[in-house]
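Worksheet: the structure to be examined is printed underneath.
There are 2 protein chains.
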Amino acid sequence: MRQPSDEQAGVTTRRGRNKERARKRVYASALTLFRRQGYAQTSVAQIAEHADIARGSFFNYFPRKDALICAWMKERTTALTRRLGSCLRCGMPVAESLGTCMSVLGALNEEDLDLSMAMLTGWVQAGRPLGREPHLDAVFAEIVECGRARGEIHATLDPGQVGELLRDLYIGVLCRWAGRPPSARHSLGADLQEALDLLLHGIATPGGPHRGRRRGFV
Amino acid sequence: MRQPSDEQAGVTTRRGRNKERARKRVYASALTLFRRQGYAQTSVAQIAEHADIARGSFFNYFPRKDALICAWMKERTTALTRRLGSCLRCGMPVAESLGTCMSVLGALNEEDLDLSMAMLTGWVQAGRPLGREPHLDAVFAEIVECGRARGEIHATLDPGQVGELLRDLYIGVLCRWAGRPPSARHSLGADLQEALDLLLHGIATPGGPHRGRRRGFV
């Protein structure tokens, strides 16, 4: 059956549509196996077997196993921006928009916990914390930019750099949360909100001997 | 020759001293090879060969290859606290102490860049961002605790949680810095100081519509 999403993706030939269907099957099989048995414990051969394709055909759809992590992260960033859509449109105060962002990120992880933990471990072990993905800094930076335009964020700050710092906090809090035994985990969204509050309002009292230090870094 | 450090470590027998000497030789060989050819590219067999011991004997000194990363991180944390000693003793303002901390961390990485980058990559690929090491949060927390006692840090904040957040920022900034091509890297210490300034003073203007939001999270 032709899917509206195929047409959106510009897949107009039957061959292209068949390839797209098989790619989706491989992707869905991978997620099922990662969720069930972990990322490192799942081989390309198992994914191919589950998707009912030859092992070598896997590479027609994904260049390496860790390309599945990229695809999943892109999908999650899309889910985040879709859920955030109304905040971004309605000009919600920046603290609330960023708070909603953290709460959606918390929910996205907790809703599909086994898969999220498998993907996080795979992402780390593939050395990805040294790369740029997930591109959440751009999502944060857009909100910060709007807030700055409304005078809610210090005018001297660079939204891009603040976005990167918010991404660092998200990843740091998520890794610490994931590293705890499940029984010792509270709400991830609440942990993220606490970290956000500290960055929004700062940890230093205004009257301390550090008063007069340069604010921001532009 | 008996070393004063052996006695400090409680190594009092000749057999114990010989074992300690061999352990140090294995450790030094590992660092030489990691620095020269990277962490993942260096095998236990190569380390043993360089240290002139049998391959199997490696495991008398270190249970796994990644135990070398732990040993190195512990050594670096010790170097950090030694260099920070005078700041902590003299009651320097908290912003300055934390700034010195970031500047020492920047210098420690830049002074032995090839080894630091090899160890960072090894640490990431061993899945360690999901663990608690390096225990820098305790170093940060101690400084924050002193600052809070002097009224320079908001009284409602938990120094332990602020310490963890400062560790998140350090690791995030370091990973982004390491991920850039060497020609695009500025001073790591300056990048860390910028991140610290944001967390100290906050990104939100005091008069925004978020005024009155709960400060801190105790």
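For the record, the sequence lines run as chains A and B. First residue of the first sequence? That's 25 in this note's numbering, and the numbers climb one at a time after it. First residue of the second sequence? That's 25 in this note's numbering, and the numbers climb one at a time after it. Each residue gets a CB set at the ideal place from its N, CA and C atoms; glycine is no exception.
Exercise. Measure the alpha-carbon distance for A:G146 versus B:R152 and round it to whole angstroms.
Key: Cα-Cα distance, rounded: 12 Å.
Practice problem: Step through the CB atoms of chain A and report whether any lies within less than 7 Å of the CB of B:P183. | Solution: Put simply, the CB of B:P183 is far from chain A, with every gap to its CB atoms at 7 Å or more.
Quiz item: Relative to the C-alpha of B:I93, which residue among B:H210, B:P205 and B:S140 is closest?
Solution: For B:I93, the closest C-alpha among the options B:H210, B:P205 and B:S140 is that of B:S140.
Exercise. Kindly list, in the order they appear in chain B, the residues whose Cβ is closer than 7 Å to that of A:Q149.
Key: Near A:Q149 (Cβ distances below 7 Å), the residues of chain B are Q149 and G151.
Quiz item: Just to confirm, are B:D138 and B:R59 a CB contact at a threshold of 7 Å?
Solution: Yes, the pair counts as a contact, with Cβ atoms nearer than the cut-off.
Quiz prompt | Cross-chain neighbours of A:C199 in chain B, by beta carbon under 7 Å | solution = Residues of chain B passing the Cβ test: P153 and L154.
Quiz item: Since B:E176 contacts B:P87 with CB under 8 Å, what's their CB separation in whole angstroms?
Solution: No, B:E176 and B:P87 are not in contact; Cβ-Cβ is about 43 Å, not under 8 Å.
Quiz item: Would you say A:E176 faces chain B, with C-beta separation under 7 Å as the test?
Solution: Yes, because at least one Cβ of chain B sits closer than 7 Å to the Cβ of A:E176.
Quiz prompt | Straight-line gap, A:A75 to B:A91 (C-alpha atoms, nearest Å) | solution = In this model, A:A75 and B:A91 are separated by some 39 Å (Cα to Cα).
Self-check item: Per-residue DSSP class, three states only, for A:A228
Solution: Residue state, collapsed to three classes: strand.
Quiz item: CA-CA distance, A:I195 and A:F164?
Solution: Approximately 13 Å, taken between the alpha carbons.
Exercise. Tell whether a beta-carbon distance below 7 Å holds between A:V128 and A:L160.
Key: In this structure, A:L160 does not lie closer than 7 Å to A:V128 by Cβ.
Quiz item: Starting from A:A52 and walking both ways along the alpha helix (DSSP H), at which residues does that stretch end?
Solution: Counting along the chain, the alpha helix (DSSP H) containing A:A52 begins and ends at R38 to Q61.
Quiz item: B:L190 and B:L223 look like a contact to me (Cβ under 8 Å); what is the Cβ gap, rounded to whole Å?
Solution: Contact flag correct, Cβ pair sits at about 7 Å.
Quiz item: For A:G115, is the classification buried or exposed, using 16 other Cβ atoms within 10 angstroms of its Cβ as the cut-off for buried?
Solution: Note on A:G115: under 16 other CB atoms within 10 angstroms of its CB, so exposed under the neighbour-count rule.
Quiz item: Who pairs with A:I177 in a beta bridge, going by DSSP?
Solution: According to DSSP, which records beta bridges pairwise, A:I177 is partnered with B:A228.
Exercise. Note down, in chain order, each residue of its chain lying with its Cβ closer than 6 Å to the Cβ of A:R38, except the 5 sequence neighbours on either side.
Key: If we look at A:R38 and ignore the five residues flanking it on each side, it has no Cβ neighbours.
Self-check item: is_contact[A:I227, chain B] using C-beta, thresh 7 Å
Solution: A:I227 belongs to the set of residues whose beta carbon lies under 7 Å from a beta carbon in chain B.
Quiz item: For a contact meaning CB atoms closer than 9 Å, what does A:T145 contact in chain B?
Solution: Using a Cβ-Cβ cut-off of 9 Å, A:T145 is close to G151 and L154 of chain B, given in chain order.
Quiz item: A:A173 to A:A228, Cα distance in whole Å?
Solution: If you draw a straight line from the Cα of A:A173 to the Cα of A:A228, it is about 25 Å long.
Self-check item: Within 7 Å, strictly: CB atoms of B:V197 and B:A214
Solution: Cβ atoms of B:V197 and B:A214: not closer than 7 Å.
Quiz prompt | Contact list for B:L193 against chain A, beta-carbon separation under 8 Å | solution = By Cβ distance, chain A contributes L189, D192, L193 and G196.
Quiz prompt | Where B:E157 sits in the DSSP three-state scheme | solution = In this structure, B:E157 counts as coil in the three-state DSSP scheme.
Self-check item: beta-carbon B:F82 near the ligand FAD non-hydrogen atom, thresh 6 Å
Solution: With respect to the ligand FAD, the structure shown offers nothing to examine, as it has no ligands at all.
Self-check item: Which of helix, strand or coil DSSP assigns to A:M97
Solution: Helix, per DSSP.
Quiz item: Taking Cβ to Cβ, would you say B:A244 is nearer than 7 Å to B:F82?
Solution: A query on residue 244 of chain B cannot be resolved here, the shown segment of chain B reaching from 25 to 242 and no further.
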